[in-house]
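To start, the structure itself, in structure tokens.
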Amino acid sequence: MAECHPVGFQWVMEAKARGATVIHVDPRFTRTSALADIHVPLRAGTDIAFLGGIINYVLQHEKDFREYVVAYTNAATILTEDYQDTEDLDGVFSGLDPEERTYDFHTWQYEGMEVQAASGQRDQEYADQPGGRKRSTKSVRQAGRGEAHGSGGAAISGQPQVDPTLQHPRCVYQVLKRHYARYTPEIVEQICGVPQDTFRRVCEHLTDNSGRDRTSAFVYSVGWTQHTVGVQYIRSAAVLQQLLGNMGRPGGGIVALRGHASIQGSTDIPTLFNLLPGYIPMPHAHAHLDLDSFIQGESPRKGYWAEMRAYMVSLLKAWWGPAATPENDFCFDYLPRLTGSHSTYETVMAQLAGDCKGYFLMGENPAVGSANAKMQRLGMANLEWLVVRDFSLIESATWWKDGPEIETGELRTEDIGTEIFFLPAAAHTEKDGSFTNTQRLLQWHHQAVEPSGDARSDLWFVYHLGRKIREKLAGSVDRADRPILDLTWDYPTRPMPSHPGDAEPDAEAVLAEINGWDAEGGPLSSYEQLNDDGSTACGCWIYCGVYSDGVNQASRRKPSTEQDYTALEWGWAWPANRRVLYNRASADPDGRPWSRRKALIWWDGEKALWTGHDIADFTAAKSPWYRPPTDATGAEALSGVDPFVMQADGKSWLFVPAGLIDGPLPAHYEPQESPVPNLLYSQQRNPVRQIVSMVHPNDRFQPSGGQPGAEVFPYTMSTYRIAEHHTAGGMSRYQPYLSELAPEMFCEVSPELAAERGLEHAGWATIVTARNAIEARVLVTERMTPLTIDGRVLHHVGLPYHWGHGGLAPGDAVNDLTHLSLDPNSHIQEVKVGQCDIRPGRRPRGPARVELVKEYQRRAGITEKTGTEI
Amino acid sequence: MGVKTWIEGWPVYRQLTGGDPLGRAAAVKSRRSDTLAPRSATADKVVKSICPFCAVGCGQNVFVKADEVVQVEGDPDSPISRGRLCPRGSSTLQLVTGSAREYKVLHRRPHGTDWEELDLDTAMDMIADRVIATRREGWQWEEDDARVRRTMGLASLGGATMDNEENYLLKKLFTALGAIQIENQARI
Amino acid sequence: MAPVDIVIGRKPDLTGAMLGDTDPAHQGGYVDHPPRMGFFTDTSVCIGCKACEVACKEWNAIPEDGLVFTGMSMDNTQGLGADTWRHVAFVEQRKPLAVQDPGVLHDGVDVLALAAQGSGTPPDRAGMTPTTPGDPGDLRWLMASDVCKHCTHAACLDVCPTGSLFRTEFGTVVVQEDICNGCGYCIPACPYGVIDQRKDDGRAWKCTLCYDRLTVGQEPACAKNCPTNSIQFGPLDELRERADARLARLQEAGVSDARLYGRDPHDGVGGDGAFFLLLDEPEVYGLPPDPVVTTRDLPAMWRRVGAAALVLVGTAVAAFAAGRRV
Amino acid sequence: MPGSDDRNGPVEQARQGPGTPGGDVTRDGLRNVRPDRDAVTGVVAGRPRRGRRGHGGGGETQQVPDATFTSYYDKPILNAPVWEAPDIAGYLFLGGLAGAASLLGAGAQATGRPGLERSAKVGAAVAGFLSLVGLVHDLGKPQRFLNMLRVFKVTSPMSVGSWLLAGYVPLAGAAAATAVTGRLPRIGAAATAGAATLGPAVASYTAALITDTAVPAWHDGYPEMPFVFVGSGATAAGGLGLLAAPVAETGPARAMALAGVGLELATFERMERRLGLVGEPYSQGRSGAYVRVGKILSVTGAVGAVLGRGSRIASAVSGAALVAASVATRGGIFHAGLQSANDPKYTVVPQRQRLEEGRPATGTSTTTRPVTAATGER
């Protein structure tokens, strides 16, 4: 955090000043470690074992916040008899189809409930419908429904059976206890390399600082998401935080530190294949799909997701306006359908296959920043046309004349048929617009100056591209063109003084559409006003209210010194300007703060309202003693003690009965490439990790664990950022002031590894995987520590991934080494851990570089099958 | 400038007559130092903004003089950042005004060996034509008997550094075109 | 003490007069001047992010200072100079930071011998490349943002022959770029190695404590941006009080290595306008352990120069006296 | 182990002490908020007790062995002078030569040695002028010299020197011109007297110029350096006389040279011995080589001057050797300064020694230990 989010780290320092203990868990000793009380180095890729060990500690020592756990989580819920745990099946859950590499979730359900897939994987119900087919189910799963619930919740109907004493052998609490019983301090030490004494102290600090009077927070970055089990990493923390009663409470939570100015916004209003704005799933291809069957398949009966039809219809009205009528299903049919995963890595495969011919890159540098960057470049070399919009001539714009493959001779500039347009982009100072930061806060940035030359905002680009396409297609009778021609695209523009004849669309008008309006065109103020009859339009239901009263709430800037610490009048947070999600849980079931020291919101009996420092993430007037009638639906169906309002049962889920692709509970699996066999189960890797679709001669996997050939790549590597640079370097390596701070690609190794491999401090090293070989300067440092893993010494190679062949501070790209194996829920690649070899000296030039990699492949006996075992 | 003024402006004279006989402070202050004014104080306007790097969302004040950004610094009013910026945020001025910025549309023909300049409007027309053609080529009404009504011909990557409004229009346009392969850094 | 008392060759202590008292702005002839302003850089809360370096460069439009990978931990800036006015030092040591658990465990490798491979530092001289000798289970990573000290008795200012370097009304020491003639005298005069010459223009440059910003009540760019408030700006009196309290608190809490550097108004430079809280000896961070303003000895120097001149005259007279016979 | 107890005591205090653990989020708002700058690391938590490795005492109490010292990656603490050797080493030499030569010229005029007078005065004028050229060349742009006359700073030897040179160079020039042309004898006499008055200062102030720096080998040599400089100046001026004047008139020049060599060698020796470690650069490396050459040339020149006193050629050769000796010595001193500034050893070791011997540079040490802070002088 001190490395990549230094300004956010001031709040960690403030917590320290108030007495907080800071524990930093990271293979490397970083700037964060330097300011932490305890640094816990662990082997990359073993966090679930570590967190599972803590969960086991909490359960064995009964350190859970029992009142919270019973009242607010599904700990008491009883599972069906069909459920079989990793304990029963040696590392896999019931329902695994090894052929298709998918799980059938039916056995993961609550006892006594109608089986229905919910969160994340909502539309699995189609499989049970007439006309639904097995292929469809699988491809739906591949489509990554896991993240379709950025805003929460899933569907359950019926009343689950519960045992508030938590004694029932099939209640979640007992299942959890059994599941984690084998995650002992001894096994944690063997797998993670964390000494038992250190581990015990971490457990004690965490449990001592959790409960009624104290709360602890987890902070993570992509160190957790970029794994084949990334979602389950975060789930592990979620299980722990629920058990400790740290969710929805001040000082608690799981804090995701995201890496880009509006990466949260680009998930909320997704430029993602599987989502529509507000986490409404993109429809999947099914026979006879219409709006009703879509809602039927996706929407639960209880909680706020029960209103999905209103959200969806309002979105369709925002997009197709008058053309969207009840008679034509509000143009639902205009939406294209998915057939499986269409993530960026599948797109690269489609480029290589020649199916995807045109490509837009908007402020993104995949030639450096995406896993197996060589595949990215080769994919781009196979396009018909490519549009790059950026500030500078980044690697993704210039690979055709100076890329690594030109040097090795694998590509020849004259042979590359890709037509490339480079369009200079406007900076944030040159346009109006909003960013959504990592805490879901929308903040408006105002235009300061006009962009110079040909530089234009992306808003300008998309608007005018759409305008031109619509003009060119005007009069078309092709049915395929109707969605384009019916699209509402009449945004107000203003002339650009420095560019006569040109016009910039009004960003605030777009924000107003995102916010939505009622039948009279008046701005909406809450998603609770949305209707499913076409009388409201709203471009993103969770952002509804950002333009309430016709005021740009995201541009509010009341100084923090003039309001209290929640600063509710600074910007606008979705949903409904709430700053802490699920904050109903900060109060006990009777509506009183759990502790005087930890008061956030509470029930005001006199006013019969929830009140406090934050805006209640709860129906404001729903008393703690409200109990829904049995036939209630939607939000009405949640009781006064159901804080997790997006969940259909109002509870937080220790056990996830539906919505996850790879299991209802986190289990430790070794990474795709690992130096050791899995000590916990005979199942080595996540059985349903997404890998098969990525097999390609330029993306070979390595032998792993005890397999022959694994010793060819004996060292564990991890990629990361440093304070001096930003992501793939497009915004930093081209700037002198940042480049001089970290002018060359380097790797971090321990003195022991340097001695073992003869690496010279400040000299050069070559790092090799089955994909590629790169060179880096060597930083020998005791901040890199050898770990003892199951009795043998393991070394890490630290690889910051900022560099590429362009810019003021060029260097080899680490992502040339990484491979394409993905988390099945999120389709995020595993680049935080891999295996490599490191040798002294610079890498070979020209074709010899390719030959070196081939030689390693031969030595390790690598084929197209290697590493693709289930 | 008269001789008297010149003499009185001579630091040696000021040394002899003022309170700084050793000539180390007030007596030797130069004309530039006397009239020094920070560009953050002489700016025509200060525009409220947000840091474009990571997702912490630090507040920025953008100082503008004669229609040019002359300084970018932390916004002390922000409850998130309290006026502070990290090294990347601190480099914002160089990011937005530095020599690495490109201001011309560039075009590389198929099999070409170098960039050529292109008029912006022409480029937009060419791109629109290519989108329409590629969309048609990759069009699918059905796959495996299920209606898909989409094109697999074109894709987009990027958006995590773009504004919500920009992403909204992009997703809207792409979806209306029937293009589904639209992704951003959040996947990476 | 008399404000001005310059008599070459006189015996009594001229130091105070030559050097000015501890209100340097008053000494410099400013009436009704603002309080003396300075920096307190508390390295115990520094995260080494280098925001100060970049903020300083942005504000002062300082040229890039070389793209060199050094191997000096995360420090590729190396030191203060004409084109680096803030420099973050990174020190990796086998030493404990109070009871911090660094988690590392090293064995059996002669890190100092390794350091010699390519780092250019002889093993016996290696400050901490990669680390200092000590317990292999100990590690701490010190970071410290160095800057011009704005000495109470500033040698650079004293020796400047043009009055380019001068004491501002805030008690800070600033190079006036319209006056500097590039004589370079200030550079070897500085006991901290702060000021240096910009090669392409010949003039001397260093931290101005953002003099221009101070004139309108704004704080210096580095202090403003510092994410963890390691760089604190304010009236020197206040900063000194705050630093004393901070030191006491750290000491009480068990951070026994904490110490203040440049805080004492009676040290060899009369105290620094920019002073530090360090966690090890100053030289570990590249700071002189006991710097002295060279002009402290200037009266004695002038006396010796005078005596030598007389000796030369005597030699000449004697030579002619003797020369008659030779 | 008492050390451990000491370390753990305050930790417990910090855990239990008032305000820590502090921050409360109450219904009425935040309580016990402390600014982030109050954060402490390794105090509220960490590892319980040392000694999980068998290595005994930590490095904390380890004294740095005497033979070594600590530095920051062996980087120099000081920024070395940026002066170019030909400009500024030349400046030192020429100033000494000019100053002493002016005395020689005046004496020659007074004692009726016209040949010596002319050569000394011309030498002084040329050397004075060239030294100014050297200075201006080092500044880069000629008009920059004018800024030197913007102030008069007694705290700056360069300021004093600039004013001195501004007065001296015209006087020496006038003296030389009248001596060569024979015109305007009164003005010539006055100029000669003036140059002879300023000359000793011109020859000696450069010692203050280099010793008034933080460069250890220069600064710490300040008690002897002016004498080394005037000695070297006398050597050079005497050498010039021997080289240029008719052999019959060289007596005073020879005497001056001999005295100069003696003074220079004696004071240099004394300085080096007194300086110890800091004086190392005067005998080592490039600077040491210059100094050795200077000494050899001085002695050779002096011996030659005495033995060859009757011979024009021997006198001239000896004179040239003496002039060269002065050049070499100045070059040696100049480079010794660079060497001394570029090695942190010369900065750290003496300062560290001072502190360890309990005699910091002035009243107190730059580093304030907690105990000092507690008593505080405020």
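Residue numbers (the numbering used here), protein chains in the order written: chain A, 715 to 1584; chain B, 120 to 307; chain C, 14 to 339; chain D, 730 to 1107. Positions of the beta carbon are idealized from the N, C-alpha and C atoms, including for glycine. Nothing here was measured: the structure is a model prediction, and the numbers come from that model.
Taking a contact as a CB-CB distance under 8 angstroms, the pair D/ARG760 and A/PRO1307 does not count as one, their CB atoms being some 14 angstroms apart. Per the C-alpha coordinates, the member of C/PHE183, C/LEU290, C/VAL187 and C/GLN106 positioned closest to C/ALA261 is C/LEU290. Interface residue (Cβ-Cβ distance to chain C less than 9 angstroms): A/PHE723 is classified as such. Per DSSP, A/ASN923 lies in no alpha helix (DSSP H) segment and is marked neither H nor E.
Each of B/MET281, B/GLY142, B/PRO130 and B/ILE251 was checked against the Cα of A/ARG1170, and the nearest Cα belongs to B/MET281. Taking 9 angstroms as the CB threshold, D/LYS870 lines the interface with chain C.
Of all alpha-carbon atoms in D/GLY960, D/LEU1084, D/VAL883 and D/MET985, the one lying nearest the alpha-carbon of C/PHE333 is that of D/MET985. The beta-bridge partner set that DSSP reports for A/GLN1398 is empty.
Residue state for A/LYS1336 is assigned as coil, using DSSP reduced to three classes.
For C/ALA258, the number of other beta carbons within 10 angstroms of its own is below 16, and it is reported as exposed. Residue environment analysis places C/ILE244 among the buried positions, since at least 16 neighbouring C-beta atoms fall within 10 angstroms of its C-beta. Residue pairing from DSSP leaves A/MET1445 without any beta-bridge partner.
Contact annotation for B/PRO130 against chain D: ARG879 and VAL880 [CB-CB distance below 7 angstroms, chain order]. A/GLN1571 carries a helical assignment under DSSP once its states are collapsed to helix, strand and coil.
In terms of beta-carbon proximity, B/ASP139 lines the interface with chain C, with at least one pair separated by less than 9 angstroms. Segment contact: the segment 1561 to 1570 of chain A against the segment 841 to 857 of chain D, fewer than three CB-CB distances shorter than 8 angstroms; contact not assigned. Within the same chain, ALA38 and GLU182 come within 6 angstroms of C/HIS46 by CB-CB distance, once the 5 residues on both sides are set aside. Only those residues of the segment 881 to 912 of chain D whose C-beta falls short of 9 angstroms from the nearest C-beta of chain B are listed: PHE881, LYS882, VAL883, THR884, SER885 and SER888. Shown here for B/THR253: same chain residues with a beta carbon closer than 6 angstroms to its own, the five before and five after excluded, namely GLY272 and LEU273 in chain order. When the Cα atoms are used, A/SER1240 and A/THR1207 turn out to be separated by approximately 27 angstroms. The Cβ neighbour count for A/LEU1156, taken over all protein chains shown within 10 Å, is at least 16; the residue is labelled buried. Considering only beta carbons, the part of the segment 38 to 57 of chain C lying closer than 8 angstroms to chain B consists of ALA38, GLN40, GLY41, GLY42, TYR43 and VAL44, in chain order.
A straight line joining the alpha-carbon of A/GLN875 with that of A/ALA1299 spans about 22 angstroms. In this structure C/ASP120 is exposed. Its beta-carbon is surrounded by fewer than 16 other beta-carbon atoms within 10 angstroms. Straight-line measurement puts the Cα of B/THR241 at about 15 angstroms from the Cα of A/TRP1174. Against chain C, the CB of D/THR1096 has a partner CB under 9 angstroms away; the residue lies at that interface. Interface with chain B (9 angstroms Cβ-Cβ cutoff): C/PHE288 is excluded. Interface flag for B/GLU192 against chain C is set, since a Cβ pair is found closer than 9 angstroms. Distance from the Cα of B/LEU225 is smallest, within the candidate group B/LEU135, B/LYS148, B/LEU292 and B/GLU235, for B/GLU235. Contact annotation for C/ASN89 against chain A: GLU1454, LEU1455, ALA1456 and PRO1457 [CB-CB distance below 8 angstroms, chain order]. Taking a 10 Å sphere around the C-beta of A/GLN1398, we find 16 or more other C-beta atoms and assign the residue as buried. A/ASP1004 has no beta-bridge partner at all, per DSSP. With the rule of 3 Cβ pairs closer than 8 angstroms, the segment 916 to 931 of chain D counts as touching the segment 817 to 832 of chain D. Per the DSSP secondary-structure output, A/HIS753 pairs in a beta bridge with A/HIS738. Relative to the Cα of D/ALA905, the nearest Cα in the group D/GLY917, D/TYR897 and D/PHE1063 belongs to D/GLY917.
When beta bridges are read from the DSSP output, B/LYS167 appears opposite B/ASN180.
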